[in-house]
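All the letters of the sequence shown, read from the start, carry residue numbers 5 to 184 under my numbering.
From the three backbone atoms N, C-alpha and C, an ideal C-beta is built for every residue, glycine too.
Some notes on the structure that comes next.
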Amino acid sequence: KRLQKVVSVTTSITTILWLSGVAAFAPMAALAATINEGDIIKTATNPDVYIAKYMGAKKFKRLILNPDVFASYGHLKWSNLKTVTQAEMDAFTTSDLVKALTDTKVYKLVPNGDIGTKQWLNMTAEAFTAGGYDWDSIYVINNVDRDNYTASSDITGGTSASPSTSASTSVAAGSLSVSL
Numbered sequence: 005k006r007l008q009k010v011v012s013v014t015t016s017i018t019t020i021l022w023l024s025g026v027a028a029f030a031p032m033a034a035l036a037a038t039i040n041e042g043d044i045i046k047t048a049t050n051p052d053v054y055i056a057k058y059m060g061a062k063k064f065k066r067l068i069l070n071p072d073v074f075a076s077y078g079h080l081k082w083s084n085l086k087t088v089t090q091a092e093m094d095a096f097t098t099s100d101l102v103k104a105l106t107d108t109k110v111y112k113l114v115p116n117g118d119i120g121t122k123q124w125l126n127m128t129a130e131a132f133t134a135g136g137y138d139w140d141s142i143y144v145i146n147n148v149d150r151d152n153y154t155a156s157s158d159i160t161g162g163t164s165a166s167p168s169t170s171a172s173t174s175v176a177a178g179s180l181s182v183s184l
């Protein structure tokens with residue numbers, strides 16, 4: 005008889021919590037992904053794959069242009085791809101600035117599907133900063149990645165709206181610390 009009361013009370017409390025919506029919070033917490041430096045992430049509703057980067061409190065994501073670029077990074081594995089919520093994805097600022105490991109130029113990338121263009125940020129460090137660019141957002145990439153983008157016109161002066169440029173090598177070389 006006592007066991008029957010315990011089961012009845014437990015069932016009643018569980019039902020009340022479930023109907024009031026309190027139980028809905030438990031699955032939400034379980035779905036939240038832990039996103040670490042270098043993780044590859046996407047949302048369930050978008051096929052685009054990004055790589056995560058942290059610089060202090062700043063969180064960046066960079067699009068991996070296509071499967072060939074993905075494959076050019078031997079350490080990336082499709083089995084490690086994390087599906088995250090849109091809110092988690094939106095917590096990261098999209099970075100379109102890159103520097104190839106063997107190149108001193110910083111480019112702004114403009115993807116268009118599985119192809120894209122790159123523009124060299126042909127400017128001084130002062131113009132780079134004045135143009136609103138963030139040194140911390142620059143990703144170091146391999147040559148295959150860089151060369152999957154077609155060269156376009158340079159961005160000069162730091163205020164151009166065109167899609168790609170390069171920064172001063174003396175400052176850029178000392179500022180870069182994260183690679184894909």
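Exercise for review: Buried or exposed for residue 82, please, with buried defined as at least 16 other CB atoms from any protein chain shown within 10 angstroms of its CB.
Suggested key: Translated into the one-based positions of the sequence shown, residue 82 becomes position 78. Per the 10 Å Cβ criterion, exposed.
Exercise for review: Report the three-state DSSP secondary structure of residue 91 (helix, strand or coil).
Suggested key: Residue 91 sits at position 87 when you count from the first residue of the sequence shown. Residue state for residue 91 is assigned as helix, using DSSP reduced to three classes.
Check your understanding: What's the gap between the Cα of residue 56 and the Cα of residue 139?
Key -> What you label residue 56 is simply residue 52 of the sequence shown in a count that begins at 1. What you label residue 139 is simply residue 135 of the sequence shown in a count that begins at 1. C-alpha separation (whole angstroms): 16 angstroms.
Point to revise | Of the residues 109, 128 and 84, the one placed nearest residue 122, counting alpha carbons only | key: Position 118 of the sequence shown, counting from 1, holds the residue named residue 122. Looking at the Cα atoms, 109 is the closest of the given residues.
**Study point:** 8 angstroms contact criterion, which residue 76 and residue 101 should meet: CB distance rounded
**Key:** If you number the sequence shown from 1, residue 76 lands on position 72. If you number the sequence shown from 1, residue 101 lands on position 97. Not really, about 19 angstroms apart at Cβ, beyond 8 angstroms.
Check your understanding: Leaving out five residues before and five after residue 160 in sequence, what residues of the same chain have Cβ atoms less than 6 angstroms from its Cβ?
Key -> By one-based count along the sequence shown, residue 160 stands at place 156. If we look at residue 160 and ignore the five residues flanking it on each side, its Cβ neighbours are 126 and 127.
Review point. Taking C-alpha atoms, which residue in 107, 148 and 134 lies nearest to residue 119?
Key: Counting from 1 along the sequence shown, the entry for residue 119 is found at position 115. Taking each of 107, 148 and 134 in turn and checking the Cα distance to residue 119, the smallest one comes out for 148.
Exercise for review: Quick one: grab the DSSP three-state call for residue 134.
Suggested key: Taking the first residue of the sequence shown as position 1, residue 134 is located at position 130. If DSSP states are grouped into helix, strand and coil, residue 134 belongs with the helices.
Review point. Which of helix, strand or coil does DSSP assign to residue 104?
Key: Looking up residue 104 in the sequence shown gives position 100. In the structure shown, residue 104 adopts extended strand secondary structure according to DSSP, grouped into three states.
Practice item. Leaving out five residues on either side along the sequence, give the residues of the same chain with a beta carbon under 7 angstroms from the beta carbon of residue 49. Key: Within the sequence shown, the letter at position 45 stands for residue 49. Answer for residue 49: no residue qualifies.
Point to revise | Cβ-based neighbour list, residue 154, same chain, cut-off 8 angstroms, excluding 5 preceding and 5 following | key: Here residue 154 is taken as the residue at index 150 of the sequence shown, counted from 1. Close CB contacts of residue 154 within its chain, under the 8 angstroms cut and outside five residues either way in sequence, are with 119, 120, 121 and 122 (chain order).
Point to revise | As assigned by DSSP and simplified to three states, the class of residue 29 | key: Working through the sequence shown from its first residue, we reach residue 29 at position 25. A caution first: residue 29 carries a pLDDT of 44, below 50, which makes its placement in the model too unreliable to give a value.
Point to revise | Own chain partners of residue 41 with C-beta closer than 6 angstroms, once the 5 adjacent residues on each side are dropped | key: Sequence index remark: in the sequence shown, residue 41 carries index 37 (1-based). Setting aside the 5 residues that flank it on each side, residue 41 is surrounded in the same chain by 58, each with a C-beta closer than 6 angstroms to its C-beta; the list follows chain order.
Exercise for review: Mind checking which residues open and close the alpha helix (DSSP H) that includes residue 52?
Suggested key: Working through the sequence shown from its first residue, we reach residue 52 at position 48. Taken as a continuous stretch (DSSP letters only), residue 52 belongs to no alpha helix (DSSP H), being part of the beta strand (DSSP E) at 50-59.
Practice item. Would you mind stating whether residue 145 and residue 104 have Cβ atoms separated by less than 8 angstroms? Key: Here residue 145 refers to the residue found at position 141 of the sequence shown. Here residue 104 refers to the residue found at position 100 of the sequence shown. Contact check for residue 145 against residue 104 passes: the beta carbons are separated by less than 8 angstroms.
Point to revise | Cutoff 7 angstroms; reference residue 52; Cβ partners in own chain excluding five residues on either side | key: As a first step, residue 52 is located in the sequence shown; it is residue number 48 there, counting from the start. Only 46 and 67 meet the Cβ criterion.
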